[in-house]
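Here is the structure we will look at, set down as structure tokens.
Protein chains in written order, with the working numbering: chain A, 106 to 401; chain B, 106 to 401.
Written out as structure tokens, the structure is:
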């Protein structure tokens with residue numbers, strides 16, 4: 106079996122690494138704080154003390170980190186993955202970061218004879234725990250095929266979407282659609298509710314037709330009940346929409362509606378609600394209308 | 106069986122009236138142009154020559170008209186429904202119009218002892234022909250119950266959402282979510298495509314998760330292939346979002362994202378594309394980015 110390394114054992118990374126361990130892969134692990142490392146070591150993983158120490162002993166090294174600068178540091182910084190990585194080995198970045206950073210890291214690793222896949226996920230902590238993530242993979246076909254069994258141990262839907270960076274671009278597309286659908290449902294519920302209609306009735310009446318979407322089915326109930334424990338944090342969605350903005354600038358694309366929704370999530374974060382679920386965008390729309398959704 | 110009248114035999118009204126006729130209801134019909142009247146008369150309907158001539162002979166009179174001024178004219182104008190309507194009769198308006206107009210018409214009819222239901226539909230011409238419309242009904246409970254068999258002859262999902270005007274308000278909510286989801290999918294596909302990813306791959310990768318929606322499943326293929334025969338015309342969606350705007354003003358609600366999408370549909374109409382399917386919003390986003398989506 107492939108020898109695998111995993112760096113970044115946070116809310117997403119730890120359960121993903123655990124699923125690889127359970128699938129039988131020999132696993133070296135590293136994390137800035139040592140708690141999760143010791144936890145996984147107790148379950149059979151090998152503890153490492155730097156990214157380079159992970160990469161020098163494995164054929165595939167995976168990261169799952171918060172943002173672009175973290176990936177750049179862990180991959181290319183001092184004692185980074187690049188210092189230990191073997192020729193022919195594969196670096197798989199499962200973080201959600203800028204495709205521009207992905208390109209830069211891939212280029213640096215290529216000079217050492219290593220390959221890179223960008224493989225961001227969606228499906229949240231629940232998907233990470235249950236191994237039901239959607240995984241969007243960019244990078245060379247052969248590297249994708251070698252890593253497919255690993256992806257299948259962590260996710261349910263794995264799609265190879267194109268060359269280096271394509272996974273990150275598709276993830277940005279995903280976050281645009283999700284953020285805008287949440288905003289649409291929020292505006293619809295606030296309008297209908299302030300105009301005197303029971304929001305539960307709105308959801309019931311429009312769910313069957315062209316308005317049907319995950320945001321309406323899975324998040325309208327939270328909006329109506331004001332239950333905003335995450336889920337997926339608004340601050341992360343703001344960060345992800347920022348990646349979409351960076352990408353739109355890099356490729357000269359103008360996204361008027363995505364840009365507006367990005368700014369609304371920025372306001373939500375500024376209001377101190379970055380740690381709430383992203384469906385809390387409804388609270389901003391409520392405040393603009395000086396109302397609160399109330400179920401009849 | 107209830108004696109029914111139907112006024113407004115357009116793209117939607119004619120097949121809806123036909124479904125009532127097929128369900129066995131005695132039906133009086135009227136339309137400004139006479140072609141559809143004669144067509145339905147040949148199938149067993151009774152031709153009338155004014156709205157008043159319809160309303161004086163039936164227990165339930167239905168309209169399906171383009172916009173608020175048309176409803177006001179047909180209901181309250183010279184030889185209008187109000188001139189013939191019987192005490193205790195029910196007027197059902199299945200047009201998509203402003204809830205403010207609905208309130209006004211209902212009030213005028215109440216003074217004549219008649220009741221009103223607002224019952225806009227979604228599901229398009231196909232739903233009208235097949236009797237599979239979603240129908241969102243506002244108005245008094247007893248009137249709703251009397252008309253329910255009629256609605257069930259025309260639609261599949263019938264929801265009583267509240268008092269007078271509530272049907273129109275929920276329809277406005279529906280059009281907000283649909284218009285914004287279409288715009289979201291358009292922006293995602295243009296970004297991804299210009300950044301070099303095959304748009305078919307984007308749809309495939311994100312359809313299974315939180316981005317899933319009718320717009321992605323049913324309209325992304327049209328966007329990619331540039332097939333914009335309606336469907337549902339962009340000019341109608343612009344009109345419907347205008348109703349949402351009017352409603353937001355009437356109830357003091359601020360809808361930043363819906364307002365932007367409204368303006369984008371206004372631009373699409375100004376570009377001469379009002380007769381195209383509403384998914385043609387992608388052509389506007391393409392032009393902003395000076396690109397065309399191209400499938401790999």
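From the three backbone atoms N, C-alpha and C, an ideal C-beta is built for every residue, glycine too.
These numbers were taken from a predicted model, which means no experiment stands behind them.
Proximity test, Cβ basis, 7 Å: residue i and chain B
i              : result
residue 201(A) : no
residue 218(A) : no
residue 241(A) : yes
residue 79(A)  : Lying outside 106 to 401, the shown extent of chain A, residue 79(A) is not represented and no answer is given.
residue 373(A) : no
residue 353(A) : yes
residue 309(A) : yes
residue 362(A) : yes
residue 118(A) : no
residue 173(A) : no
Those residues which DSSP pairs with residue i across a bridge
i              : result
residue 196(B) : 166(B) and 221(B)
residue 135(A) : 112(A)
residue 152(A) : 134(A)
residue 265(B) : 242(B)
residue 260(A) : 238(A)
residue 226(B) : 240(B)
residue 318(B) : 318(A)
Nearest-angstrom Cβ-Cβ length linking residue i and residue j, presumed shorter than 8 Å
i              : j              : result
residue 307(B) : residue 293(B) : 7 Å
residue 295(A) : residue 386(A) : The Cβ separation is near 10 Å, so there is no contact.
residue 382(A) : residue 305(A) : Rounded, the Cβ-Cβ distance is 19 Å, inconsistent with contact.
residue 215(A) : residue 198(A) : Actually they are not in contact, since the Cβ atoms of residue 215(A) and residue 198(A) sit about 14 Å apart, beyond 8 Å.
Contact with chain A by residue i, beta-carbon distance below 7 Å
i              : result
residue 161(B) : no
residue 279(B) : yes
residue 386(B) : no
residue 264(B) : yes
residue 293(B) : yes
residue 275(B) : yes
residue 381(B) : no
residue 288(B) : yes
residue 356(B) : yes
residue 283(B) : yes
residue 344(B) : no
residue 318(B) : yes
residue 297(B) : yes
residue 145(B) : no
residue 348(B) : no
residue 107(B) : no
residue 430(B) : For residue 430(B) there is no data in the structure shown, the boundaries of chain B being 106 and 401.
residue 413(B) : Coverage of chain B is limited to positions 106 through 401, which leaves residue 413(B) absent and any answer about it impossible.
residue 271(B) : yes
residue 359(B) : yes
Pair within 7 Å by beta-carbon distance, residue i and residue j
i              : j              : result
residue 243(B) : residue 272(B) : yes
residue 161(B) : residue 193(B) : no
residue 159(B) : residue 130(B) : no
residue 341(A) : residue 370(A) : no
residue 196(B) : residue 166(B) : yes
residue 240(B) : residue 263(B) : yes
residue 111(B) : residue 128(B) : no
residue 156(A) : residue 186(A) : yes
residue 114(B) : residue 149(B) : no
residue 203(A) : residue 380(A) : no
residue 259(A) : residue 287(A) : no
residue 317(B) : residue 319(A) : yes
residue 373(A) : residue 389(A) : yes
residue 170(B) : residue 200(B) : yes
residue 310(B) : residue 285(A) : no
residue 267(B) : residue 337(B) : no
residue 248(B) : residue 265(B) : no
residue 348(B) : residue 277(B) : yes
residue 133(A) : residue 147(A) : no
Residue i at chain D interface by Cβ criterion, 7 Å
i              : result
residue 267(A) : Any reference to chain D falls outside this structure, whose protein chains are A and B.
Enclosing beta strand (DSSP E) for residue i [first to last residue]
i              : result
residue 378(B) : No beta strand (DSSP E) contains residue 378(B), which DSSP labels as neither H nor E.
residue 239(B) : 238 to 243
Endpoints, alpha helix (DSSP H) assigned at residue i
i              : result
residue 229(A) : 229 to 235
residue 172(B) : Counting along the chain, residue 172(B) falls outside any alpha helix (DSSP H), and DSSP gives it neither H nor E.
residue 354(B) : 339 to 355
residue 305(B) : 304 to 311
residue 395(B) : Element bounds for residue 395(B): n/a, residue is neither H nor E.
residue 281(A) : 271 to 299
residue 329(A) : 325 to 330
residue 188(B) : 186 to 189
residue 143(A) : 140 to 147
residue 120(A) : 118 to 127
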